[in-house]
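Here's the structure, in structure tokens; my notes come after.
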Amino acid sequence: MDTKKEEKSVIEISKNLLVGLKTTISTFFRKPVTVQYPRERLQIAERFRGFPKLNTNQDKSLRCVACILCQTVCPSEAIKIVIGYVDYGAEYELTERQKMNHSLDKLEKGIYNDGRRHPFSFEIDMLRCICCGYCEEICPEEAISMSDKYELAVYTRDEAVYGIEKLIKL
Ligand code: SF4
Ligand code: SF4
Numbered sequence: 014m015d016t017k018k019e020e021k022s023v024i025e026i027s028k029n030l031l032v033g034l035k036t037t038i039s040t041f042f043r044k045p046v047t048v049q050y051p052r053e054r055l056q057i058a059e060r061f062r063g064f065p066k067l068n069t070n071q072d073k074s075l076r077c078v079a080c081i082l083c084q085t086v087c088p089s090e091a092i093k094i095v096i097g098y099v100d101y102g103a104e105y106e107l108t109e110r111q112k113m114n115h116s117l118d119k120l121e122k123g124i125y126n127d128g129r130r131h132p133f134s135f136e137i138d139m140l141r142c143i144c145c146g147y148c149e150e151i152c153p154e155e156a157i158s159m160s161d162k163y164e165l166a167v168y169t170r171d172e173a174v175y176g177i178e179k180l181i182k183l
């Protein structure tokens, strides 16, 4: 290697070294951008979309009327609903209008209901869910909405399938 070339490469290396050192020194005194997760957490944006959750009325009853729209629109087929009716018990007095409801005819004997559909079971597979928010958008009852929860740590795939109880608590 000739001397001129050698000198040039030494100058290049020193220049790069100085640029690197400048970056190191300038960031050394700055506040770190990393956080000690999970002890520390970053502030979530106001409109952040986490996993979907089920909403309830004031009397803690489910808002969902099992219309199946969310299940139909879900692009990842994460929602599985089984339609059912809430049994209010024999003491429940149906109004005249409720008695006219033909859907009551389809109920099994001994089930007392107002004729409105409710989910017998409502499951969301969180491993499939892509948090797109379509289910929230399509729901006519505001029964499902996006929570701010985004963590999912499970040992088996079955544990990632959330039923009604878990979905209410999200
Ligand atoms: S957020 Fe999207 S992917 Fe998740 S359950 Fe709702 S529609 Fe399906
Ligand atoms: S959550 Fe909403 S869209 Fe989904 S079945 Fe219930 S009422 Fe229909």
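In the numbering used here, the protein residues as written are 14 to 183.
All residues carry an ideal CB built from backbone N, CA and C; glycine is no exception.
- Here Pro153 is exposed. Its C-beta has fewer than 16 other C-beta atoms within 10 Å.
- Taking the C-beta atoms as reference points, Met159 is found no nearer than 8 Å to Gly176.
- Shown here, Asp15 sits in coil according to DSSP, grouped into three states, outside any helix or strand.
- Distance between Phe135 and Ile81, taken at the CA atoms: about 10 Å.
- Of the residues Glu164, Ala173, Val174, Lys44, the one whose Cα lies closest to the Cα of Tyr50 is Glu164.
- Counting along the chain, the unbroken beta strand (DSSP E) around Leu67 starts and ends at 65-67.
- Its chain contains Ile92, Cys148, Ile151, Cys152, Ile157 as the residues whose beta carbon lies nearer than 7 Å to that of Cys83, once the 5 sequence neighbours on both sides are disregarded; these appear in chain order.
- Boundaries cannot be given for Lys73, as no beta strand (DSSP E) includes it and DSSP labels it neither H nor E.
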